[in-house]
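Heads up, the thing below is written out as structure tokens.
This is the structure:
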């Protein structure tokens, strides 16, 4: 899949022009987003044209209200992986800044959708707004499509089994609260973080539990605690493990939060690799122990519980199978 970053008037290559474009931030690529994305894929397949996704980087709220910007459920590289697994041909990452935001809705239609993309069909959520001051809305987009010769499909908000709307903000709060199971159910796959494996104090090695350490973005939204996980190394190999996220209160006085994963039945060097951790189940909260012996006793219990959980875990969707289970 191609990842195309645009910040100007460049056009797409001929093999991608004339395609169906799904437009949105799609942070999390959750089941609500997938209702929009699946419709775009259906239309593209019906018409034998490329299926594309247009997103905005950084998140618009990070530009207008950086102090209140939400943490990213799926940063751009991970989002591209998810979209590729769904079947898209390319992701177009539009550079978003105040200069871009000042363009009119008509400019967005003429210069980007028509001139740059040669779009044949646009699929987006029912409440999509664009252009300076959010002047362009669903009616504007549909009228522009009729005038410029491209189709428009608006998809209603997707609701869960309890008729509640699935949203990125709802999922963020569930992750903060440690309600990982419900968050994963709304995502349609296991919440995933990725990053480079770095060297730590190597205390885990001394205790018999060497860990692969990953420093997450400070605003990551993950609740401190112990998790049963699936770990994918930089070469794509998938293994089970147990991870601890937090400040290591037993051994640190003022430690920075870090994700430490003990990968089951593995010996090797992961330093410098960009790896993914798929969080399957939240086991318990982080706690401080009186001594290292007590910590090791609990680590053995966490190890056993995680193995039991992972032994019985099954994919919750075809996307979950592709992202979190397939080697």
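In the numbering used here, the protein residues as written are 67 to 393. Where is the CB? At the ideal position from N, CA and C, for every residue including glycine.
With respect to residue 252, residue 222 sits apart: the two C-beta atoms are not nearer than 8 Å. For residue 106, the enclosing alpha helix (DSSP H) starts and ends at 97 to 113. With contact defined as three or more Cβ pairs closer than 8 Å, the region 174 to 194 and the region 135 to 148 are not in contact. Between the region 363 to 379 and the region 284 to 301, the count of Cβ pairs shorter than 8 Å is three or higher; the stretches touch.
Segment contact: the region 343 to 363 against the region 117 to 135, fewer than three CB-CB distances shorter than 8 Å; contact not assigned. Between the alpha carbons of residue 238 and residue 77 lies a distance of about 35 Å. Put simply, the region 303 to 315 does not touch the region 334 to 341. Fewer than three CB pairs are less than 8 Å apart.
Distances from the CA of residue 329 to each of 348, 298 and 352 were compared; the closest alpha carbon is that of 298. Under the three-state reduction of DSSP output, residue 67 falls in the coil class, being neither helix nor strand. Here residue 342 carries a strand assignment [DSSP, helix/strand/coil]. Distance between residue 162 and residue 120, taken at the CA atoms: about 12 Å.
By the neighbour-count criterion, in which a residue is buried when 16 or more other Cβ atoms sit within 10 angstroms of its Cβ, residue 354 is exposed. Checking the DSSP bridge columns, you'll see residue 327 partnered with 278 and 309. Around the beta-carbon of residue 100, 16 or more other beta-carbon atoms lie within 10 Å, marking it buried. Listed as beta-bridge partners of residue 195 by DSSP are no residues whatsoever.
Contact between the region 107 to 122 and the region 88 to 96 is present: 3 or more CB-CB pairs across the two stretches fall below 8 Å.
With respect to the 8 Å criterion, residue 171 and residue 202 are classified as neighbours on the basis of their beta carbons. Secondary structure note for residue 211: its alpha helix (DSSP H) is the uninterrupted segment 204 to 214. Within the same chain, Cβ atoms closer than 8 Å to the Cβ of residue 241 are found at 139, 249, 257, 287, 288 and 289, the five residues on either side in sequence being excluded. Within its own chain, the residues whose Cβ lies closer than 7 Å to the Cβ of residue 275, once the five positions on either side in sequence are excluded, are 328 and 365, listed in chain order.
Counting along the chain, no beta strand (DSSP E) covers residue 380, and no H or E run does either. DSSP places residue 128 inside the alpha helix (DSSP H), whose first and last residues are 126 to 130. Separation of residue 281 and residue 344 (C-alpha to C-alpha, rounded to the nearest whole angstrom) is 15 Å.
With 16 or more other CB atoms across the displayed protein chains lying within 10 angstroms of its CB, residue 190 is buried. Cβ-Cβ distances below 7 Å link residue 110 to 85, 86, 116 and 117 in the same chain, with the five nearest sequence neighbours on each side left out; the list follows chain order. When C-alpha distances from residue 198 are compared across 246, 380 and 173, the shortest belongs to 173.
When C-alpha distances from residue 279 are compared across 285, 306, 244 and 325, the shortest belongs to 325. Annotation for residue 261: the continuous beta strand (DSSP E) segment containing it runs 258 to 264.
Of the residues 166, 392, 144 and 259, the one whose Cα lies closest to the Cα of residue 302 is 392.
Excluding its 5 nearest sequence neighbours in each direction, residue 210 has C-beta neighbours in its own chain below 7 Å: 175, listed in chain order.
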